[in-house]
Amino acid sequence: MSHSILVVDDTRSMRKMVATVLQSAGYQVEEAADGAEALDKARGRVFDLVVTDHNMPRMDGVTLVRALRGLAEYDDVALIVLSTETGAELKAKGRDAGATGWMAKPFDPTKMLDIVRQFLS
Amino acid sequence: MSAVAAKVLGDASAFHAIFFEEADEHLASVESLLLRLDPGAPDAEAMNGIFRAVHSIKGSAGMLGFAEIVSLTHVFENLLDLLRKGERPLTRAEVDAMLRAGDVVKSQIAHRRGTLAQTPDRSAAEAELRALATAATAAPREFQVRLGPLAQPIADAELETMLCGLAEMGQVSGQEINNIAGGEIRFRVTLAGAEADLRSVLSLVVEPSLVHIGDAAVAEPAPQATPPVNDESVDLFEAPAAFRARRGAERRQSPGRREGERAANAAPAAQGEAGSIRVSVEKIDRLVNLVGELVITEAMLAQRLGVQTELARHTRELQEAVMAIRMVPISAVFSRFPRLVRELSQRLGKQAEIRLSGESTELDRGLIERITDPLTHLVRNAVDHGLEQPEERAARGKPRGGEIFLTASQRGGSIIIEVRDDGRGLDRQKILARAAERRMAIAPDAPDHEVWQLTFEPGFSTAETVTDVSGRGVGMDVVRRNIQQLGGTVELASSAGAGTSVTVRVPLTLAIIEAMTVGVDGETYVLPLASVVESRRVGAGELHGVAGQGATLRVRDEYLPVRRLAANGEIAVIVEADGGRAALMVDALIGQQQVVVKSLETNFRRIPGISAATIMGDGKVALILDVPQLVKENAAWKPQ
Numbered sequence: 001m002s003h004s005i006l007v008v009d010d011t012r013s014m015r016k017m018v019a020t021v022l023q024s025a026g027y028q029v030e031e032a033a034d035g036a037e038a039l040d041k042a043r044g045r046v047f048d049l050v051v052t053d054h055n056m057p058r059m060d061g062v063t064l065v066r067a068l069r070g071l072a073e074y075d076d077v078a079l080i081v082l083s084t085e086t087g088a089e090l091k092a093k094g095r096d097a098g099a100t101g102w103m104a105k106p107f108d109p110t111k112m113l114d115i116v117r118q119f120l121s
Numbered sequence: 001m002s003a004v005a006a007k008v009l010g011d012a013s014a015f016h017a018i019f020f021e022e023a024d025e026h027l028a029s030v031e032s033l034l035l036r037l038d039p040g041a042p043d044a045e046a047m048n049g050i051f052r053a054v055h056s057i058k059g060s061a062g063m064l065g066f067a068e069i070v071s072l073t074h075v076f077e078n079l080l081d082l083l084r085k086g087e088r089p090l091t092r093a094e095v096d097a098m099l100r101a102g103d104v105v106k107s108q109i110a111h112r113r114g115t116l117a118q119t120p121d122r123s124a125a126e127a128e129l130r131a132l133a134t135a136a137t138a139a140p141r142e143f144q145v146r147l148g149p150l151a152q153p154i155a156d157a158e159l160e161t162m163l164c165g166l167a168e169m170g171q172v173s174g175q176e177i178n179n180i181a182g183g184e185i186r187f188r189v190t191l192a193g194a195e196a197d198l199r200s201v202l203s204l205v206v207e208p209s210l211v212h213i214g215d216a217a218v219a220e221p222a223p224q225a226t227p228p229v230n231d232e233s234v235d236l237f238e239a240p241a242a243f244r245a246r247r248g249a250e251r252r253q254s255p256g257r258r259e260g261e262r263a264a265n266a267a268p269a270a271q272g273e274a275g276s277i278r279v280s281v282e283k284i285d286r287l288v289n290l291v292g293e294l295v296i297t298e299a300m301l302a303q304r305l306g307v308q309t310e311l312a313r314h315t316r317e318l319q320e321a322v323m324a325i326r327m328v329p330i331s332a333v334f335s336r337f338p339r340l341v342r343e344l345s346q347r348l349g350k351q352a353e354i355r356l357s358g359e360s361t362e363l364d365r366g367l368i369e370r371i372t373d374p375l376t377h378l379v380r381n382a383v384d385h386g387l388e389q390p391e392e393r394a395a396r397g398k399p400r401g402g403e404i405f406l407t408a409s410q411r412g413g414s415i416i417i418e419v420r421d422d423g424r425g426l427d428r429q430k431i432l433a434r435a436a437e438r439r440m441a442i443a444p445d446a447p448d449h450e451v452w453q454l455t456f457e458p459g460f461s462t463a464e465t466v467t468d469v470s471g472r473g474v475g476m477d478v479v480r481r482n483i484q485q486l487g488g489t490v491e492l493a494s495s496a497g498a499g500t501s502v503t504v505r506v507p508l509t510l511a512i513i514e515a516m517t518v519g520v521d522g523e524t525y526v527l528p529l530a531s532v533v534e535s536r537r538v539g540a541g542e543l544h545g546v547a548g549q550g551a552t553l554r555v556r557d558e559y560l561p562v563r564r565l566a567a568n569g570e571i572a573v574i575v576e577a578d579g580g581r582a583a584l585m586v587d588a589l590i591g592q593q594q595v596v597v598k599s600l601e602t603n604f605r606r607i608p609g610i611s612a613a614t615i616m617g618d619g620k621v622a623l624i625l626d627v628p629q630l631v632k633e634n635a636a637w638k639p640q
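For the protein sequence lines, the chains are A and B, in the order given. FYI, in my numbering the residues of the first sequence are 1 to 121. FYI, in my numbering the residues of the second sequence are 1 to 640.
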């Protein structure tokens, strides 16, 4: 069974690009437009991995990571933040919240697949 | 890029359409948020909204390799970041600069889209944004300082002096001192001065090339022009192998839980996606056409069977539902006016505020496009001719700033749009004088509404000076003609000193019209009901021949040109278009009904005197008469 990945980004074109990259490798992708929507979806089912933007309306990525780690089912799910923001301070916040990794935008599709594969294999 | 990457994103053009559309939406929202910002007390949520929109455009443009868009939005974003953090006060200058920058991004998008030939020049916009972002910031900033690697240790006394000196300039924190050969000294310093000042102080103790200063407040590095990124693009907080090992261990501990989750996973993502989907206009138009056919087929069936069925109701409801898909809120047009009014009033030295209401009123997409120009004209008129200069207003005891109200509402099958100003109002005497000049027939004591009607006459203008805003010559007559072409009407009301109001009424949709069907020599023709004034039976003696001009019919005080559609028709249908009237002679009035308009040009070819066609309940094609042309036509006209 193919792994399911939740892609969270408020920018539709960016979300589609991430989704397309992941789908091309055979992953099953679900999309959410902000942290709040993502949290809703994550409560309904457990995804095998989450890729989330940080800067979003309603709920940002780091807050989403923290909220997901609060759910027992997401204890051991890789949560990767994908953001144009790469400041050390924010990254540290993400790490403290429970993020598994931080990727910079613009991203290299090959590298993204590589990382995702490592966490899912 | 690897083969996979090239395969999945190499053809990024698939994402271009999404990006362009999304960028348009973002830019429109940036503009409307900027226009609503109160420079004195900017709304934090609005600032964040603007920031996010610009940030989104930058991110996607980066993925798609639109380097020039990344470059401009990056500078834009930097300024926004300072503003939203309150590190720079927001003034009119910033708002104006950002509006201009938004325009440049818009043309960059247009250029990438292929609708704008030349590459827009972004240098001026970038320079302006950059200047505002770096202009002496009132609030102190934090700098990250790194000195080294040191060739040799710095003498303790010297180091001490430097740190003390810095402590006088600002606040020093987070010191990490490794004062040995090859070591580094790091600290943060918060001060109000410029980076250059800091650099010169530090250069007193260490060689300038060893001084590294980063701005903690604007931490982001300059954008990469091309997407693929360096190796620092990924920062893993936990090694994948360790992660997998830990997860495996946990899973063994609680197998039951995992199974439950898998079951949950297998269940389809059931929750219906709220929100919306995007569909191309062509698809919708096709749907509209198909439903149109269905309506006709249903009518034919009903006529043949002679019974009313539920099918009729379902068909009508289906048609309404499909038409509703084409509806878009009028805010699509209204949203451009705040900016227009702002710029116009600035240019004219006036103060004006525009107040919008009923922006969520919906109308047919096709109408939205065609109503934009007339409305723009009316709003320009209101600012240019309606509102007085601030001094003049003050002298009359009015507030210096004028107001323009733009209101939309739906009434039955019509949309009513009102453009109202609180300006000087129409000048009755001036209009009458102008009418006399142009030898137009009007009684000096005619009621106001008749006098106002004169302003709709071609070439009629009382503006004393030609301005580059409203110009002269093209005026209300063009507005009225455009609106009438949509099957709508325009009315004017005014009171001296208190303002003018123009009310535009247009049908909800262009695809269906209320029609009157008439019989002409055994054929059925269709007239848009909006253009029909009245109809009456005419005796042969009532038609007056005027030499070389065809017949005329006297209706009250007016002699109307007669168009003989039917050779022996005795019924006159008086129609009106473009301010003119004519009497159409037909054999019979058949009835009134809604008809679905079918373009002749796309299905057949253009025929003079015919605007479109429709299919009647009996399955026969009926032609819709082009009333404006019939009214204009001098010679008697007969359908071929």
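Note that the Cβ used here is the ideal one computed from N, Cα and C, for glycine as well.
Reducing DSSP to helix, strand and coil, say where residue i ends up.
i        : result
Phe334/B : helix
Thr190/B : strand
Lys105/A : coil
Asp43/B  : coil
Gly306/B : coil
Ser13/B  : helix
Thr361/B : coil
His111/B : helix
Thr517/B : strand
Glu534/B : strand
Phe405/B : strand
Glu85/A  : coil
Thr91/B  : coil
Here's a check: name, in chain order, each residue in its chain whose Cβ is nearer than 7 Å to the Cβ of residue i, leaving out the five neighbours to either side.
i        : result
Pro120/B : Val104, Ser107, Gln108 and His111
Asn48/B  : Arg84
Leu120/A : His3, Asp48 and Leu49
Ala125/B : Leu72, Arg100, Ala101 and Val104
Would residue i pass as a contact of residue j if the rule is Cβ separation under 8 Å?
i        : j        : result
Val621/B : Met585/B : no
Phe187/B : Ser173/B : yes
Leu589/B : Ile574/B : no
Ile368/B : Ala332/B : yes
Val30/B  : Ala53/B  : yes
Ala583/B : Asp521/B : no
Rounded to whole angstroms, what is the Cα-Cα separation between residue i and residue j?
i        : j        : result
Tyr27/A  : Asp48/A  : 10 Å
Ile154/B : Leu147/B : 11 Å
Asn381/B : Ser345/B : 11 Å
Asp448/B : Thr455/B : 12 Å
Val479/B : Pro458/B : 10 Å
Leu560/B : Arg342/B : 46 Å
Phe15/B  : Leu202/B : 49 Å
Asp285/B : Gly550/B : 43 Å
Leu72/B  : Lys91/A  : 25 Å
Val205/B : Phe143/B : 18 Å
Ile354/B : Leu37/B  : 14 Å
Using the rule of at least 16 other Cβ atoms within 10 Å of the residue's Cβ for burial, across every protein chain shown, is residue i buried or exposed?
i        : result
Asp156/B : exposed
Ser611/B : buried
Pro221/B : Since pLDDT at Pro221/B reaches only 39, below the 50 mark, its modelled position is unreliable, and the value read off the structure follows with that caveat. Result: exposed.
Leu125/A : For chain A, the structure presents residues 1 to 121; residue 125/A sits outside this window and is missing.
Ile50/B  : buried
Thr11/A  : buried
Met476/B : buried
Glu298/B : buried
Ser599/B : exposed
Give me, in chain order, the residues of the same chain whose beta-carbon lies closer than 6 Å to that of residue i; leave out the 5 immediate sequence neighbours on both sides.
i        : result
Arg492/B : With the sequence shown as reference, residue 492/B is identified as Leu, and Arg is not the correct amino acid for it. These residues qualify, in order along the chain: Trp452 and Val502.
Ile296/B : Ile615
Gly569/B : Met585, Val586 and Asp587
Val65/A  : Leu79, Ala97, Gly98 and Ala99
Ala131/B : none
Arg69/A  : Gly98
Please check if any C-beta of chain D sits within less than 8 Å of the C-beta of residue i.
i       : result
Met17/A : The structure shown has no chain D; the protein chains it does contain are A and B.
Could you name the residues of the same chain whose beta carbon sits closer than 8 Å to that of residue i, not counting the 5 residues immediately before and after it, in chain order?
i        : result
Thr524/B : Thr517, Val518, Ile590, Met616, Lys620 and Ala622
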